[in-house]
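Here our numbering is used: the first residue of the sequence shown is 3, the next is one more, and so on. Heads up, the beta-carbon is just placed ideally off N, CA and C, and yes, glycines get one too. Working notes, structure below.
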Amino acid sequence: MGTRGGRRLRGSRSCWLGGWLIGILLPGVLGCGGAELQDGYGQRNGPAVFASVNGTAVFAEICEDRGHTVFSWPLLSPRLDQRADTIVWFPDDFLPPSRDACRWLERWLMARPNRSLVYVGRCFDAAPWYWENVPLAGVDAALRQRVAARRKAARGELAARLAALPNSQDCPWFTVRGPYQRRRVRALEGDAEWLRGVASAKLQMELYCRMAPPRSAVTLLGSEGEAIVFARPLRASRLIVVANGSFLLNAPLANHEHRKLAGKLLDALGPQPRRIAFLESAAGGPGISDTDPSFGPRLGLELMRIWPTNWILAHACLLGILFCFWRFPIFGRPIQPPSEAASDFGSHIDAVARLLERTGDEAYARQRLQHYRQMVRQEAAAQTANPPPRGAARPPGRPYTPTPPD
Numbered sequence: 003m004g005t006r007g008g009r010r011l012r013g014s015r016s017c018w019l020g021g022w023l024i025g026i027l028l029p030g031v032l033g034c035g036g037a038e039l040q041d042g043y044g045q046r047n048g049p050a051v052f053a054s055v056n057g058t059a060v061f062a063e064i065c066e067d068r069g070h071t072v073f074s075w076p077l078l079s080p081r082l083d084q085r086a087d088t089i090v091w092f093p094d095d096f097l098p099p100s101r102d103a104c105r106w107l108e109r110w111l112m113a114r115p116n117r118s119l120v121y122v123g124r125c126f127d128a129a130p131w132y133w134e135n136v137p138l139a140g141v142d143a144a145l146r147q148r149v150a151a152r153r154k155a156a157r158g159e160l161a162a163r164l165a166a167l168p169n170s171q172d173c174p175w176f177t178v179r180g181p182y183q184r185r186r187v188r189a190l191e192g193d194a195e196w197l198r199g200v201a202s203a204k205l206q207m208e209l210y211c212r213m214a215p216p217r218s219a220v221t222l223l224g225s226e227g228e229a230i231v232f233a234r235p236l237r238a239s240r241l242i243v244v245a246n247g248s249f250l251l252n253a254p255l256a257n258h259e260h261r262k263l264a265g266k267l268l269d270a271l272g273p274q275p276r277r278i279a280f281l282e283s284a285a286g287g288p289g290i291s292d293t294d295p296s297f298g299p300r301l302g303l304e305l306m307r308i309w310p311t312n313w314i315l316a317h318a319c320l321l322g323i324l325f326c327f328w329r330f331p332i333f334g335r336p337i338q339p340p341s342e343a344a345s346d347f348g349s350h351i352d353a354v355a356r357l358l359e360r361t362g363d364e365a366y367a368r369q370r371l372q373h374y375r376q377m378v379r380q381e382a383a384a385q386t387a388n389p390p391p392r393g394a395a396r397p398p399g400r401p402y403t404p405t406p407p408d
C-alpha cells in the first residue's frame, strides 16, 4: 500500500489482506443460501467480529504493521486517559456523539500534546456494499437471484435506518445534513498528499449524508465539495473526522485504493509508534466512568462465552472424554481371573512377610525368622531319628509322633 515517504505494506501483509478477501467473499458466494452474513459494527476482537464486513480488525492489523500498539476499550475511563495517545472511534450509532462524550474527549486531547482522535461516522453499512461486490462470474441464475435478494434487503434495511434520522444533526465537531441518499465517490479533491498515488476511478466509496466541518477545520479529502476527511486542531493535538467507514471497515479494505487511503490516515497521525485505542460503543455512545472496567478472570460457564477460551475449553473437554473412554471402560466380555488355591504355602509365607514388614521392626522380624528355622530343623531331626513304620498311614495334616519304648 503506497504511503508517504514511499513506504509500502510488507508483502506478507498484502497477501494476508488478499487471503482475508478470499476468506470473506468466497464463502458468501458458495453459501449465500445458508449461513448469515456477519455484520457486527465497529468491533475488532473475536472470530465472528473478525469475519464481520463491518469490523475493524483489518484496519487494526494495518496499524500494527506500522509499528503501533493497538488495544480495544469500551468506555471513557481514567486508564484510557493515561494509556492511549491516539483514539480511533467507530461508534455504532447513526446519531452524532453526545456533548458529554465530546467534552471528555476534548479534555483528553488538550491534556497532553501530540494526541490524536479519529472519529468515523456511522452513515454507512458494508453489508449492501458486500452484496454488490460479490464476484458472480460463472455463477448460475438461481444463485444470482439469491444474491440480488440479499442485496436488496440490505439496502432496504440501511435506508430505513437513515430515513428515521432528523434532517439536520449538530454536535460540537460537525453538522450532519440530509438528504440521506446514496452517492458514489467518482473523484477526489483535497490535500495533495492525500491524493498522490490514489486512482479515483477504482474507488468504491459511498456517501449517505453531508458532514459539514466547522470553520476552523481543514479538509484533507473531499469529493464534489463534500468533506470526507477533515482535521481540526485542539491546542497541540488534533481531531480527525471521517465521514464514514466506506474505506476503513473490513470488507471495503479489500479494495487496494481504499488501503492506500487508510495508509494516508495513519500517516496523518505521525511517524512515531503510537498507542492506539479502538474505542468500541453501541447506540448512545460510550459510558463515562471514574473507574476502569474490570477484566478479571471469568468463572464457571462464563468462560464458555469468551473467545478464544471457549474454543480451548471445548477441545479440552473433547480430549478429556476421549481419555475417559480409553482409560476407564472395559469393552467386551469380562475376564474371570483365576482363583488362588487356599493350600498354597507360598501365599502363607507372603502374608506373614507383609505382616512383619508392617511392624517396621527389622530385629523382631529376624528373630521370628530365626525361630522358625530352628523349629523346622528340630522337626526334621526328630523325623529322621524315628521314621514311621513301613506301610503305616499318617493322618493328613498331622505330624508324626514317635511312640515311647516300653
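For GLN171, three-class secondary structure by DSSP: Position 169 of the sequence shown, counted from the first residue, corresponds to residue 171. Strand, per DSSP.
Where THR88 falls, given that 16 or more other Cβ within 10 Å makes a residue buried: The residue you call residue 88 lines up with position 86 of the sequence shown. Buried, by the Cβ-count rule.
Pair within 8 Å by beta-carbon distance, ARG46 and PRO93: In the sequence shown, residue 46 corresponds to position 44, counting from 1. In the sequence shown, residue 93 corresponds to position 91, counting from 1. No. Outside cutoff.
CA nearest to the CA of ALA203, picked from ALA344, ALA189, ARG212 and LEU222: The residue given as residue 203 occupies position 201 in the sequence shown. The candidate whose alpha carbon is nearest that of ALA203 is ALA189.
Same chain, Cβ closer than 6 Å to MET112, neighbours up to 5 away in sequence not counted: On the sequence shown, residue 112 is found 110 positions in, with the first residue counted as 1. The answer, listed in chain order, is LEU236 and ARG237.
Given 8 Å, three or more beta-carbon pairs between the stretch 205-215 and the stretch 223-235: The stretch 205-215 makes contact with the stretch 223-235: 3 or more CB pairs, one atom from each, lie closer than 8 Å.
Spatially closest choice to THR221 from GLN206, LEU241, CYS211 and LEU371, by CA coordinates: Here residue 221 is taken as the residue at index 219 of the sequence shown, counted from 1. Closest by alpha carbon: LEU241.
Own chain residues within Cβ distance below 6 Å of GLY289, not counting five before or after: Taking the first residue of the sequence shown as 1, we reach residue 289 at position 287. Closer than 6 Å at the Cβ level, and outside the excluded window around GLY289, lie LEU77.
Residue span of the alpha helix (DSSP H) that contains LEU190, given as start and end: Position 188 of the sequence shown holds residue 190. No alpha helix (DSSP H) holds LEU190; DSSP gives it neither H nor E.
TRP75 to LEU82 span [Cα, whole Å]: By 1-based counting over the sequence shown, the position of residue 75 is 73. By 1-based counting over the sequence shown, the position of residue 82 is 80. Their Cα atoms are separated by approximately 7 Å.
Top-ranked residue by Cα proximity to LEU280, from GLN206, LEU119 and VAL90: The sequence position of residue 280 within the sequence shown is 278, counting from 1. The residue asked about is misnamed: residue 280 is Phe in this sequence, not Leu. PHE280 has its Cα closest to that of VAL90, out of GLN206, LEU119 and VAL90.
Separation of GLN380 from ASN388, as counted between CA atoms: Numbered from its first residue, the sequence shown carries residue 388 at position 386. Numbered from its first residue, the sequence shown carries residue 380 at position 378. Distance between the alpha carbons of ASN388 and GLN380 is about 13 Å.
Through-space distance from ARG370 to THR386, alpha-carbon basis: Residue numbering aside, residue 386 sits at position 384 when the sequence shown is read from its first letter. Residue numbering aside, residue 370 sits at position 368 when the sequence shown is read from its first letter. If you take the alpha carbons of THR386 and ARG370, they lie about 25 Å apart.
N- and C-terminal bounds of the beta strand (DSSP E) containing SER118: Sequence index remark: in the sequence shown, residue 118 carries index 116 (1-based). Note, SER118: beta strand (DSSP E), 118-122.
Backbone secondary structure at MET207 - three-state DSSP: As a first step, residue 207 must be located in the sequence shown, where it is residue number 205. If DSSP states are grouped into helix, strand and coil, MET207 belongs with coil.
Sufficient close CB pairs (3 or more, under 8 Å) joining the stretch 170-182 to the stretch 132-140: With the cut-off at 8 Å, the stretch 170-182 and the stretch 132-140 do not touch.
Counterpart residues of GLY224 in DSSP-defined beta bridges: Translated into the one-based positions of the sequence shown, residue 224 becomes position 222. In DSSP, GLY224 forms a bridge with GLU191 and ALA229.
Local Cβ density within 10 Å of ALA344, reported as buried at 16 or more and exposed below that: Stepping through the sequence shown from its first residue, residue 344 is reached at position 342. So ALA344 ends up on the exposed side.
Segment contact flag, the stretch 60-67 with the stretch 246-256, C-beta cutoff 8 Å, min 3 pairs: The answer is yes - the stretch 246-256 touches the stretch 60-67, with three or more Cβ pairs under 8 Å.
Inter-residue Cα distance where the pair is TYR43 and SER54: Indexing the sequence shown from 1 puts residue 43 at position 41. Indexing the sequence shown from 1 puts residue 54 at position 52. Taking the straight line from one Cα to the other gives about 8 Å.
Three-state class that DSSP yields for ALA279 in the structure shown: Position 277 of the sequence shown holds residue 279. ALA279: strand per DSSP, three-state reduction.
Endpoints, the beta strand (DSSP E) within which VAL72 is located: Working through the sequence shown from its first residue, we reach residue 72 at position 70. Per DSSP, the continuous beta strand (DSSP E) segment holding VAL72 begins and ends at 71-75.
DSSP three-state assignment for PRO93, whether helix, strand or coil: Position 91 of the sequence shown, counted from the first residue, corresponds to residue 93. Looking at PRO93 - three-state DSSP - the assignment turns out to be coil, as it is neither helix nor strand.
Under the three-state DSSP convention, the category ARG185 falls into: Walking along the sequence shown from the start, residue 185 turns up at place 183. Reduced to three states, the DSSP call for ARG185 is strand.
VAL149 beta carbon near the ligand HEM (any heavy atom closer than 7 Å): The ligand HEM is not among the ligands present in this structure, which contains no ligands whatsoever.
Euclidean distance between Cα positions of GLY286 and ASP142: Here residue 286 is taken as the residue at index 284 of the sequence shown, counted from 1. Here residue 142 is taken as the residue at index 140 of the sequence shown, counted from 1. The alpha-carbon of GLY286 is positioned some 44 Å away from that of ASP142.
Nearest to GLY265 (by Cα), restricted to the options GLN40, GLU66 and PHE52: Position 263 of the sequence shown holds residue 265. Ranked by Cα distance from GLY265, the first of GLN40, GLU66 and PHE52 is GLU66.
Per-residue DSSP class, three states only, for THR311: What you label residue 311 is simply residue 309 of the sequence shown in a count that begins at 1. Collapsing the DSSP output to three states places THR311 in a helix.
Nearest neighbour of VAL120, chosen from ALA165, VAL178 and ALA86 [CA to CA]: Start at 1 with the first residue of the sequence shown, and residue 120 comes out as number 118. Residue ALA86 is the option with its Cα nearest to VAL120.
Inter-residue spacing [alpha-carbon to alpha-carbon] between TYR210 and ALA316: As a first step, residue 210 must be located in the sequence shown, where it is residue number 208. As a first step, residue 316 must be located in the sequence shown, where it is residue number 314. C-alpha separation (whole angstroms): 43 Å.
Residue range of the unbroken beta strand (DSSP E) whose run includes PHE61: Within the sequence shown, residue 61 is the residue found at index 59, counting from 1. Careful: PHE61 lies outside any beta strand (DSSP E), inside the alpha helix (DSSP H) at 59-67.
Residues sharing a beta bridge with THR88, DSSP: Taking the sequence shown and counting its residues from 1, the one referred to as residue 88 is at position 86. Beta-bridge annotation (DSSP): THR88 is paired with SER118 and ILE278.
Rounded distance between the beta-carbons of PRO295 and SER79, thought under 8 Å: Your numbering for residue 79 matches position 77 in the sequence shown. Your numbering for residue 295 matches position 293 in the sequence shown. About 7 Å separates the two Cβ atoms, so the contact holds.
Backbone secondary structure at SER79 - three-state DSSP: Position 77 of the sequence shown, counting from 1, holds the residue named residue 79. Three-state result, SER79: coil.
Nonlocal neighbours in the same chain, by C-beta distance under 8 Å from ASP446, ignoring five residues either side: Any answer about residue 446 is impossible in this case: the structure gives the chain only from 3 up to 408.
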